[in-house]
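Single-structure report; data block below.
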Amino acid sequence: MFKFIEHTGVVVPLNISNIDTDAIIPKQFLKKVNKIGFGKYLFHDWRFLDKNQLKINPNFILNKSTYKNASILLTRENFGCGSSREHAVWSLLDYGFKVIIASSFSDIFYSNSFNNKLLLIVLENEDIDYLFDLVNTKIGLSFNVSLIHKKITVDNLDIPFQIDDFQRLCLVNNWDNNDLTMKIDHKIKLYEKNIFSFLLKREKFTS
Numbered sequence: 001m002f003k004f005i006e007h008t009g010v011v012v013p014l015n016i017s018n019i020d021t022d023a024i025i026p027k028q029f030l031k032k033v034n035k036i037g038f039g040k041y042l043f044h045d046w047r048f049l050d051k052n053q054l055k056i057n058p059n060f061i062l063n064k065s066t067y068k069n070a071s072i073l074l075t076r077e078n079f080g081c082g083s084s085r086e087h088a089v090w091s092l093l094d095y096g097f098k099v100i101i102a103s104s105f106s107d108i109f110y111s112n113s114f115n116n117k118l119l120l121i122v123l124e125n126e127d128i129d130y131l132f133d134l135v136n137t138k139i140g141l142s143f144n145v146s147l148i149h150k151k152i153t154v155d156n157l158d159i160p161f162q163i164d165d166f167q168r169l170c171l172v173n174n175w176d177n178n179d180l181t182m183k184i185d186h187k188i189k190l191y192e193k194n195i196f197s198f199l200l201k202r203e204k205f206t207s
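Written as structure tokens, this is what we have:
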């Protein structure tokens, strides 16, 4: 069971604003409903020069050998905007990304990411600018992300970030919606017992 305590990984800089979900994974790849196998379609129209994935775009950064095993994505504001599709999160996770850092995310994408245990980190624009300058200077640089201490460490510098305490607790403990439901299972059963009893009494009274 994966518990997100901290993660160290190579950072790939994608210096583009307003990347929408159709760019993350085009609509023609949304036919499956499980979460596996979507990584090969991530940024499809940018990674490939043809629809059959036979011609790799040598200029797109994810196709550079330096970033082959990158697990942290650094990007710009409003990442994940556009139509709501959970497949966008699935494709990022299946590709191997564990953390995305940006100055803002769309609300729906943020919610979908949390539900699928993809950590999104929001930083101020000046911090984003600094990190882009750093990773563009030191190609293949790695960041350490500590969820416990809410900080990114790079080049002996700590950059703090904020995250909702409840979300952090869920990620650290690997809790999903099912786990949270089971934690109040006794309350659900008590409610069902009470409402069932009430309905029986009501039916008896009205019959």
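Residue 195 in UniProt numbering sits at position 195 of the sequence shown; the count goes up by one each step and never skips.
Glycine is no exception: its CB is placed at the ideal position from the N, C-alpha and C atoms.
Classification of residue i by the beta-carbon crowding that lies within 10 angstroms, buried from 16 upward
| i | result |
| --- | --- |
| residue 86 | buried |
| residue 99 | buried |
| residue 121 | buried |
| residue 33 | exposed |
| residue 139 | exposed |
| residue 83 | exposed |
Sequence-distant residues of the same chain with beta carbon closer than 7 Å to residue i, five excluded per side
| i | result |
| --- | --- |
| residue 63 | 47, 56 and 57 |
| residue 168 | 147 |
| residue 142 | 8, 9, 10 and 11 |
Collapsed DSSP secondary structure at residue i in the structure displayed
| i | result |
| --- | --- |
| residue 165 | helix |
| residue 86 | coil |
| residue 151 | strand |
| residue 172 | helix |
| residue 159 | strand |
| residue 54 | coil |
| residue 43 | coil |
| residue 114 | helix |
| residue 60 | coil |
| residue 16 | coil |
| residue 29 | helix |
| residue 93 | helix |
| residue 79 | strand |
| residue 105 | strand |
| residue 1 | Residue confidence for residue 1 is low, a pLDDT of 48 falling below 50, so the modelled location carries little weight; the figure read from the coordinates is stated next. Reduced to three states, the DSSP call for residue 1 is coil. |
First through last residue of the alpha helix (DSSP H) which encompasses residue i
| i | result |
| --- | --- |
| residue 209 | The requested residue 209 does not occur in the structure, where the chain is confined to residues 1 to 207. |
| residue 24 | 21-24 |
Boundaries (first-last residue) of the beta strand (DSSP E) holding residue i
| i | result |
| --- | --- |
| residue 8 | 6-13 |
| residue 131 | Segment 125-137 is the alpha helix (DSSP H) holding residue 131; no beta strand (DSSP E) there. |
| residue 102 | 99-102 |
| residue 120 | 119-122 |
| residue 49 | Run containing residue 49: none; DSSP gives neither H nor E here. |
| residue 72 | 72-74 |
Own chain residues within Cβ distance below 6 Å of residue i, not counting five before or after
| i | result |
| --- | --- |
| residue 79 | 19, 102 and 105 |
| residue 77 | 17, 103 and 104 |
Cβ neighbours of residue i in the same chain (closer than 8 Å, five flanking residues each side left out)
| i | result |
| --- | --- |
| residue 4 | 98, 117, 119, 147, 171, 172 and 174 |
| residue 73 | 11, 12, 14, 92, 97, 99, 100 and 101 |
| residue 70 | 9, 10, 11, 12, 62, 96 and 97 |
Flag this pair as touching only if the stretch 106-113 and the stretch 126-135 have three or more C-beta atom pairs under 8 Å; answer yes or no.
They do not touch, by the three-pair rule.
The stretch 23-40 in contact with the stretch 142-161 per 3-pair CB rule at 8 Å
No, the stretch 23-40 is not in contact with the stretch 142-161.
Counting pairs of beta carbons, one from the stretch 87-97 and one from the stretch 33-52, are three or more of them closer than 8 Å?
A contact between stretches requires three or more CB pairs, one per stretch, nearer than 8 Å, and the stretch 87-97 meets this requirement with the stretch 33-52.
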